[in-house]
Amino acid sequence: MVNIRQPSTFLGTSERNMRLRRPPVASAPMRMSSLFLRTLRDDPADAEVESHRLLVRAGYIRRVSAGIYSWLPLGYRVLRKVEQIVREEMDAAGAQEVLLSIVQPLELWDRSGRDKAYGPVMFRLHDRKETGYCLSPTAEELVTSIVAQEYGSYRDLPVTLYQINWKYRDELRPRFGLLRGREFLMKDAYSFDVDLDAFRASYRQMYDAYQRVFERCALTFRAVEADSGEMGGSESREFMAVAAVGEDDFVWCPNCEYAANVEAARRGAGADPTAGAGEQPPTEEVHTPDVPGIAGVADLLKVEPNTLLKSIMFDVDGKLGLAIVPGDREVNELALAAALAPRPVRLYGDDDFTAHPELPKGYVGPHYSGASVVVADPMVRSGSAWVTGANRVDHHARNMVLGRDFAVDVWADIVSVVRGDPCPRCGEPLSIDRGIEVGHVFNLGTKFSEALDARYTDEKGEQHPMVMGCYGIGVSRVVAAVAEEYHDEHGLAWPAALAPYAVHLIAVPGRGEQAASVTAEAERVYEELRGRGIDVLFDDRDVSPGVKFADADLVGMPVQLVVGAKGVGRGVIERKVRATGARDELPLRDVSDPRVP
RNA sequence: CGGGGAGUGGCGCAGUGGUAGCGCACCAGCUUUGGGAGCUGGCGGUCGGGGGUUCAAAUCCCCCCUCCCCGACCA
Numbered sequence: 022m023v024n025i026r027q028p029s030t031f032l033g034t035s036e037r038n039m040r041l042r043r044p045p046v047a048s049a050p051m052r053m054s055s056l057f058l059r060t061l062r063d064d065p066a067d068a069e070v071e072s073h074r075l076l077v078r079a080g081y082i083r084r085v086s087a088g089i090y091s092w093l094p095l096g097y098r099v100l101r102k103v104e105q106i107v108r109e110e111m112d113a114a115g116a117q118e119v120l121l122s123i124v125q126p127l128e129l130w131d132r133s134g135r136d137k138a139y140g141p142v143m144f145r146l147h148d149r150k151e152t153g154y155c156l157s158p159t160a161e162e163l164v165t166s167i168v169a170q171e172y173g174s175y176r177d178l179p180v181t182l183y184q185i186n187w188k189y190r191d192e193l194r195p196r197f198g199l200l201r202g203r204e205f206l207m208k209d210a211y212s213f214d215v216d217l218d219a220f221r222a223s224y225r226q227m228y229d230a231y232q233r234v235f236e237r238c239a240l241t242f243r244a245v246e247a248d249s250g251e252m253g254g255s256e257s258r259e260f261m262a263v264a265a266v267g268e269d270d271f272v273w274c275p276n277c278e279y280a281a282n283v284e285a286a287r288r289g290a291g292a293d294p295t296a297g298a299g300e301q302p303p304t305e306e307v308h309t310p311d312v313p314g315i316a317g318v319a320d321l322l323k324v325e326p327n328t329l330l331k332s333i334m335f336d337v338d339g340k341l342g343l344a345i346v347p348g349d350r351e352v353n354e355l356a357l358a359a360a361l362a363p364r365p366v367r368l369y370g371d372d373d374f375t376a377h378p379e380l381p382k383g384y385v386g387p388h389y390s391g392a393s394v395v396v397a398d399p400m401v402r403s404g405s406a407w408v409t410g411a412n413r414v415d416h417h418a419r420n421m422v423l424g425r426d427f428a429v430d431v432w433a434d435i436v437s438v439v440r441g442d443p444c445p446r447c448g449e450p451l452s453i454d455r456g457i458e459v460g461h462v463f464n465l466g467t468k469f470s471e472a473l474d475a476r477y478t479d480e481k482g483e484q485h486p487m488v489m490g491c492y493g494i495g496v497s498r499v500v501a502a503v504a505e506e507y508h509d510e511h512g513l514a515w516p517a518a519l520a521p522y523a524v525h526l527i528a529v530p531g532r533g534e535q536a537a538s539v540t541a542e543a544e545r546v547y548e549e550l551r552g553r554g555i556d557v558l559f560d561d562r563d564v565s566p567g568v569k570f571a572d573a574d575l576v577g578m579p580v581q582l583v584v585g586a587k588g589v590g591r592g593v594i595e596r597k598v599r600a601t602g603a604r605d606e607l608p609l610r611d612v613s614d615p616r617v618p
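The numbering of the first sequence is the numbering used here, which starts it at 22 and goes up by one.
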């Protein structure tokens, strides 16, 4: 079993009591007159998404190079808040923190075969002896080699190690500021277990910890079933922050718990639209010049796209295969690959069509004689008289009947799921949303433990590879995802758990004879709040009130307190909750805790 | 990698052959002070780099670099 250690059981009773009795430590001072911050009035020209635009405008980050950013004081405080939440939850789940080198010898990557697999995505460098290294895009190899060195017995296991460290991927196209960078802060954890059952317990611990992390970060998120890609394994969940700018689509069921990345999603059986409605009229060939596309053919023949069959060509073991789906549907490449596994599948591209000029591209039908295998989605069963390509340029065939005019070798769910498709669990219509992938937990199996000799000896003296799990959180990406969710037209509006400062104190002394006393009151409130351990950002600058208010809205602390001539005369401080705009007043002489709950 | 676009002061931009300008920001002074103030005066740029054409190049030509967008690709 995985060892659970709650922080509270960790401390002795006397130590715990001491902590409880200790008075709050004064928060670090921060006056805006000395804060390293420059806000911009103009939007940066290269920012496409709100998180990028606002984090730059508000002086949280600055671009260094494509996909690489420096973190300025306010931004770094947010990053550290996320980091700390992750650290606390990882520790509570029994994981142990390490710090692995970012510079890793390529030899290590050679052993797992991922040197080639990663290819140009890895930043590569050489030392003076021409030994090859890379900047770590992830750390399975290194952590596995370390565990292999140190541990070798079933008595050692389980163990889960994690780090929060910079990762480097030379993305083809970095974009959206922090959302897809070439340098990003990632928490990566790796579990090592004796077998699959033990792994599942470790996995569950991490999964639960992830739920707590994203809840604490105030993100609206869903854990969705994911395809684990080359890694394999059934346990695989992506944590998606719901956001319109997300790069991944996922489906979810409003009625049950089902949720999955569109790539991994499958549809349930439903009342599918049919072609022909049971009739089986004789096949006829029709002339359809210059309309290789589904929409064009449907238009020309005055039929619905879903009465056509789409025949998608792909390569399997060097031979041609056909994937057959209704005309209004797309083929899910991963589902197709799964249907033919372990044979590798690749959809035909331009090069393939150039290499095979004999293919009547756009006019191929499911009865094409050159196909070595025909894979069809069960939706094809529901129709009886389809329109398909006639395997002759500029011709389509009407009334194509399954079993009579064409045959299917493999039946598999290969259509991409769309909104409204029946849920595979409960049959209710599915919804689709876009998300930012902020976390991923999955089973690594024994791929790395075998490649890097992470084995243990069991009770009987037999050796087995350790079963591994991998758990990632995009820490810097979480900052951007939260900024996407929490902002308005005036600027950022941080949730309390991540805000650089809890309170933004604004002095508005004016120029009247009360100015000195207003300033004095503001100073007093500042010191008092700091003394209580509350993080306060104090705008003591000698600038106009409008500048202060605009900057306060832009940088987005959860609560703004205004000490001004208006309020001081009446013995009050004005408070504004940034997120809601709600305003109220607090007694100037008793601002014990102005933070929002 | 394919297509498109752009590199001019910290940020946003104008400037199509005659020796570089505007707004914001920054500095100084005066005025102003409850939602990004006004006036005056300043600092700051080898116009991405190299080569070429020309009496003269930010501007025209060639090469290179960087960045942005679309696509392809993708843990």
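Here a beta-carbon is modelled for each residue, glycine too, at the ideal position from N, C-alpha and C. Model, not experiment: these values are computed from the prediction.
- Closest in alpha carbon position to Arg562, among Ala49, Pro45, Leu58, is Leu58.
- Non-local C-beta neighbours of Leu93 in its own chain, meaning closer than 8 Å and more than five positions away in sequence, comprise Phe57, Leu58, Gly80, Tyr81, Ile82, Arg83, ordered along the chain.
- Ala536 sits in a helix when the DSSP states are folded into three classes.
- Three or more beta-carbon pairs drawn from the segment 511 to 520 and the segment 573 to 581 are found closer than 8 Å, and the two stretches are therefore classed as touching.
- Residue pairing by DSSP places Asp560 opposite Ile527 in a beta bridge.
- The three-state secondary structure of Ile435, taken from DSSP, is coil.
- Using a C-beta cut-off of 8 Å, the segment 410 to 426 makes no contact with the segment 441 to 461, since fewer than three inter-stretch Cβ pairs fall below that distance.
- Note on geometry: alpha-carbon atoms of Thr467 and Asp371 lie some 37 Å from one another.
- Boundaries around Glu458 are those of the beta strand (DSSP E), 452 to 466, since no alpha helix (DSSP H) includes it.
- A direct Cα-to-Cα measurement between Ala543 and Tyr507 gives close to 28 Å.
- A check of alpha carbon separations from Val503 across Tyr279, Gly289, Met261, Arg425 identifies Met261 as the nearest.
- Residue burial annotation: Ser223 is buried, with at least 16 other C-beta atoms found within 10 angstroms of its C-beta.
- For Ile555, the three-state secondary structure derived from DSSP is coil.
- Collapsing the DSSP output to three states places Val99 in a helix.
- DSSP places Tyr384 outside both helix and strand once states are collapsed to three, so it counts as coil.
- In the DSSP assignment, Leu146 is bridged to Tyr154.
- Asp372: not part of any beta strand (DSSP E); member of the alpha helix (DSSP H) spanning 371 to 376, first to last residue.
- Between Leu199 and Leu95 a beta carbon distance of about 14 Å is seen, past the 8 Å cut, so the two are scored as non-contacting.
- Apart from sequence neighbours up to five positions away, the residues of its chain that approach Ala160 with a beta-carbon distance below 6 Å are Leu121, Asp209, ordered along the chain.
- Per the coordinates, the alpha-carbon of Pro303 lies some 33 Å from the alpha-carbon of Pro443.
- DSSP places Glu204 in the uninterrupted beta strand (DSSP E) bounded by 204 to 214.
- Distance from the CA of Lys382 to the CA of Leu361, rounded to the nearest whole angstrom, comes to 23 Å.
- For the 7 Å CB-CB criterion, Ala280 and Trp273 form a contact.
- Under DSSP, Phe335 forms a beta bridge with Gly342, Leu368.
- Glu278 carries a coil assignment under DSSP once its states are collapsed to helix, strand and coil.
- For Lys102, the number of other beta carbons within 10 angstroms of its own is at least 16, and it is reported as buried.
- Listed as beta-bridge partners of Lys597 by DSSP are Gln581, Arg604.
- Contact between Val46 and Pro521 fails: their C-beta atoms lie close to 18 Å from each other, not under 8 Å.
- DSSP, read as helix, strand or coil, puts Phe242 in strand.
- One thing to note: Glu259 has its Cβ within 7 Å of the Cβ of His461.
- Straight through space, the alpha carbons of Gly602 and Tyr547 are spaced by roughly 22 Å.
- A distance of 7 Å or more separates the beta carbons of Asp229 and Leu178.
- For Trp515, the secondary structure class from DSSP, reduced to helix, strand or coil, is coil.
- Here the C-alpha atom of Thr241 lies approximately 15 Å from the C-alpha atom of Gly495.
- For Pro195, same chain residues with a beta-carbon under 7 Å away, outside a window of 5 residues either side, are Ala87, Gly88, Arg201, Gly202, Arg203 in chain order.
- Under the three-state reduction of DSSP, Lys569 is assigned to helix.
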